[in-house]
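Below: one structure, written as structure tokens.
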Amino acid sequence: RSRFVGNPVMQYPWIAFVISAAVMALAGGLFGQLVRQITPQHVGWLFNAELVVATVLGGTRAFAGPIIGAFVMVAVREFALRFPLSHHLVLGVLLIGMLFVSPGGLAELGARAWARLRGQLIDDSATGFVGGGERPWTRP
């Protein structure tokens, strides 16, 4: 439909990819300045998996989700290091529990809690999101 009216629909994914690559290049450059050296450990899949876990933990549907997930991931990792033999188990249990409680991550959980405090209820059955968002209905 959009192509029919003349919108360049094939350019939008390309533009989004270019913007994402630029932001990730900036993040990689800043990370290199932060740690002052890049080792093969930073290039492996485990480091990248931690970034994906932080994104999923925070939420993929909100802009602030990955930021929230990164802060929580660092805090939980520092807590889990007290248990040296099972710190990966603590992170795994947290991630699986979060996916069961709130598949949209911590950002969705916060939005639901905020909507409940304001007395609004959102039901978006297409995404499974209940409890906050774009279409507020007041409870009777």
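Numbered according to our numbering, the sequence shown spans residues 1112 to 1251. All C-beta atoms in this analysis are idealised placements derived from N, C-alpha and C, irrespective of residue type, glycine included.
Residue environment analysis places G1216 among the buried positions, since at least 16 neighbouring C-beta atoms fall within 10 angstroms of its C-beta. Taking a contact to require three or more Cβ pairs closer than 8 angstroms, the stretch 1200-1209 and the stretch 1179-1189 qualify as touching. Restricted to the stretch 1159-1193, the alpha helix (DSSP H) segments that are unbroken, complete and at least 4 residues in length are 1176-1191, listed in chain order.
The C-beta separation of A1173 from A1138 comes to about 18 angstroms, leaving the pair out of contact by the 8 angstroms criterion. In the structure shown, P1214 adopts coil according to DSSP, grouped into three states.
The continuous alpha helix (DSSP H) containing G1143 extends over residues 1122-1146. It is roughly 38 angstroms from the alpha-carbon of L1196 to the alpha-carbon of A1133.
Around the beta carbon of S1213, a 10 Å sphere encloses 16 or more other beta carbons of the protein chains shown; the residue is thus reported as buried. For P1195, no alpha helix (DSSP H) encloses it, and the DSSP letter there is neither H nor E.
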